[in-house]
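Structure first, commentary second.
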Amino acid sequence: MNDNDVLISVSNLSKHYNKGAIKALDNISTEIRRGEVVVIIGPSGSGKSTFLRSLNLLERPTEGVITFEGVDITSPKTDINVLRMKMGMVFQHFNLFPHLSIMDNMTLAPVKLLKMSKSDAKAKAQALLEKVALGDRGNSYPSQLSGGQKQRVAIVRALCMSPDVLLFDEPTSALDPEMVGEVLDVMKDLAKDGMTMVVVTHEMGFAREVGTRVIFMDEGRIVEEGTPDEIFTDPSNERLKAFLAKVL
Amino acid sequence: MICYSIFQTVMLKLPSWAQDLKDTFYLNFIMKKRYLYLVNGLLTTLKITLFAVLLGIALGIIAAIIRSTYDKTANEMRMGFGKTVLSILNAIVKVYLTVIRGTPVVVQLMITYYIIFATSKNSVLVAVLAFGFNSGAYVAEIIRSGIMSIDNGQFEAGRSLGFNYIQTMVYIIIPQAFKNVLPALANEFIVLIKETSVSGYVGIMDLTRGGDVIRSRTYTAFMPLIAVALIYLVIVIFFSRLVSVLERRLRNSER
Ligand SMILES: Nc1ncnc2c1ncn2[C@@H]1O[C@H](COP(=O)(O)OP(=O)(O)O)[C@@H](O)[C@H]1O
Ligand SMILES: [Mg+2]
Chain W
2 MNDNDVLISV SNLSKHYNKG AIKALDNIST EIRRGEVVVI IGPSGSGKST FLRSLNLLER
62 PTEGVITFEG VDITSPKTDI NVLRMKMGMV FQHFNLFPHL SIMDNMTLAP VKLLKMSKSD
122 AKAKAQALLE KVALGDRGNS YPSQLSGGQK QRVAIVRALC MSPDVLLFDE PTSALDPEMV
182 GEVLDVMKDL AKDGMTMVVV THEMGFAREV GTRVIFMDEG RIVEEGTPDE IFTDPSNERL
242 KAFLAKVL
Chain D
11 MICYSIFQTV MLKLPSWAQD LKDTFYLNFI MKKRYLYLVN GLLTTLKITL FAVLLGIALG
71 IIAAIIRSTY DKTANEMRMG FGKTVLSILN AIVKVYLTVI RGTPVVVQLM ITYYIIFATS
131 KNSVLVAVLA FGFNSGAYVA EIIRSGIMSI DNGQFEAGRS LGFNYIQTMV YIIIPQAFKN
191 VLPALANEFI VLIKETSVSG YVGIMDLTRG GDVIRSRTYT AFMPLIAVAL IYLVIVIFFS
251 RLVSVLERRL RNSER
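Chains as they are written, first to last, in our numbering: chain W, 2 to 249; chain D, 11 to 265.
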């Protein structure tokens, strides 16, 4: 792989709270390449969300540089809103807009931000809804959907912007167990289609099966990084071993 | 007077107390078409209230957006032009809220009329401005609490799609906040109906002043003032009912 394949590059990223008393991220460096599915695992409070949310600047880093497609997103001169259009995000609690129908949830951003025509946006949204088996729910409102359905809508809402990368923060953690599968299946399909994804999750099966690379975080640092095989089959790091023993 | 004789024949055999009541009623409302003081006064009251509440909502939304933008983003923002402007706007809004809520509305009305718009002939317009600015300060807090009640995830979802702060507010936060506080806003209208009763201080013939004029012409206080009170009461009850219907509708459509 050459340098052009690097989509996101993170160097010496730190995020401190309470004037440095809490180091949510402590000097993190890594790269996300095009087509990768990077799965981030680690105990609760280890900084996974903070890391993910730094990538699209929902959290502003204390120190460090993040570039996206070669642009330094932390620079004051960068229009982060334009870059965010190319970085979709899927949240643990879906965050669908309750006052809008499913269709309007999906077309709002493409119409307002990409200046897509209403009918083009609708056609695209409809096609995506059908892909996730929700083709008949365009006129429903979020509260009329199950958790699994909501999350599938949240994923295709992000896809409506044709992003270059999708960021997932524990997309299945708020779901009833029987709905986890349907959301993971959608994510697997995306991975198969070559979508670049960064996924924070506790679903080790997904990490193993779909991940191209796994990052293990603890106490704000990247402790271990490697292929799923390297991470799961024969972990050497003690903290990773202890973590895996708990979750597997 | 023909009018009076018809009135008398209709209510011919009445006990004397009823006869008295009838006479004062006639004196206060029928004679010289004095009921018009109440009718026109009520229309003026409603006109002032309606336009003032609309102005108040517009001002309140602006003030609320400035306040909550400042609260949400001030410690995240870097030093610079944007932050300076926001800080100044926030300071202005704070002064506005403090002054309006710290002084009686009737004093604000008089200052607006006799000082700020001393040359204006249109006292109703002045009253709309005074009550509108007054109402705006209270609406601002209503809307602000509405904005604050929206889950932060909504805000993040909007920003993550690429909407800027203002767009996120306009397309995502305000519509939800507005829906949540609609009953409170309707209530503000009801409060304002009663508050405009001090309009007479600047010579406006509103409902209260209308009743008072009748009192001063007929030298009877009971009937005109009770009539005024009843009219307010009926109007307020009517709108309160409307608000609770609205509330029920909103709750049912809660999706
Ligand atoms: N706004 C905040 N203020 C203070 N501490 C925070 C804040 N957000 C996160 N933290 C702390 O940063 C650390 C990392 O949090 P987070 O990234 O949410 O972890 P994870 O997603 O791995 O569970 C935790 O110790 C958390 O308490
Ligand atoms: Mg987290």
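Built from N, CA and C at the ideal position, the CB exists for glycine as well.
Residue pairing by DSSP leaves Met117/W without any beta bridge partner. Contact of Ile182/D with chain W by beta-carbon distance below 9 Å involves Phe98, His100, Leu101 and Leu109.
In this structure, the C-beta of Lys119/W stays at least 6 Å away from each heavy atom of ligand 2.
Listed along the chain, the chain D residues whose CB falls inside 7 Å of the CB of Phe169/W amount to none; the nearest CB is some 12 Å away. Non-local beta-carbon contacts of Ile157/D in its own chain, meaning distances under 7 Å to residues more than five positions away in sequence, involve Ala74, Ser78, Ile183 and Ala187 in chain order. Membership of Leu256/D in the alpha helix (DSSP H) is indicated by the continuous run Phe232 to Asn262. In the structure shown, Gly227/W adopts extended strand secondary structure according to DSSP, grouped into three states. DSSP assignment within the stretch 78–118 of chain W yields the following whole beta strand (DSSP E) runs of 3 residues or more, N-terminal first: 88–91.
At least 7 Å separates the beta-carbon of Asn106/W from that of Leu114/W.
Contact annotation: Val215/W and Lys49/W have beta-carbon atoms that are not nearer than 7 Å. Around the beta carbon of Arg111/D, fewer than 16 other beta carbons sit within 10 angstroms, so the residue counts as exposed. Any Cβ of chain W closer than 7 Å to the Cβ of Glu151/D would place that residue at the interface, and such an atom is absent. Beyond the five residues adjoining it in sequence on each side, Asp6/W comes within less than 7 Å, by CB distance, of Arg34 and Arg35 in the same chain, given in chain order. If you draw a straight line from the Cα of Ser45/W to the Cα of Pro193/D, it comes to about 41 Å. A contact is defined here as three or more CB-CB pairs under 8 Å, and the stretch 141–156 of chain D meets this definition with respect to the stretch 193–202 of chain D. Counting only Cβ-Cβ distances below 8 Å, Arg209/W has no contacts in chain D at all, with the closest Cβ about 28 Å away.
Cβ contact annotation for Phe244/W (same chain, cutoff 8 Å, sequence separation greater than five): Ile42, Gly43, Pro44, Phe217 and Asp219, in chain order. Cβ-Cβ separation between Val136/D and Thr122/D: approximately 6 Å, consistent with a contact (criterion under 8 Å). Scanning Glu204/W, Arg61/W and Lys242/W for the CA closest to the CA of Ala25/W turns up Arg61/W.
Lys49/W has its CB nearer than 6 Å to a heavy atom of ligand 1.
At a threshold of 6 Å, Ala22/W does not count as near ligand 1, since its beta carbon sits no closer than that to any of the ligand's heavy atoms. Within chain W, Asn82, Ala110, Lys113 and Leu114 have C-beta atoms less than 8 Å from the C-beta of Phe173/D, given in sequence order. Thr213/W and Val187/W have their C-alpha atoms spaced approximately 17 Å apart.
Set against 6 Å, the gap from the CB of Tyr18/W to the closest heavy atom of ligand 1 is smaller. Asn262/D counts as exposed, since fewer than 16 other beta carbons sit within 10 angstroms of its beta carbon. Ligand 1 never approaches Ser174/W closely enough for any of its heavy atoms to be under 6 Å from the residue's Cβ.
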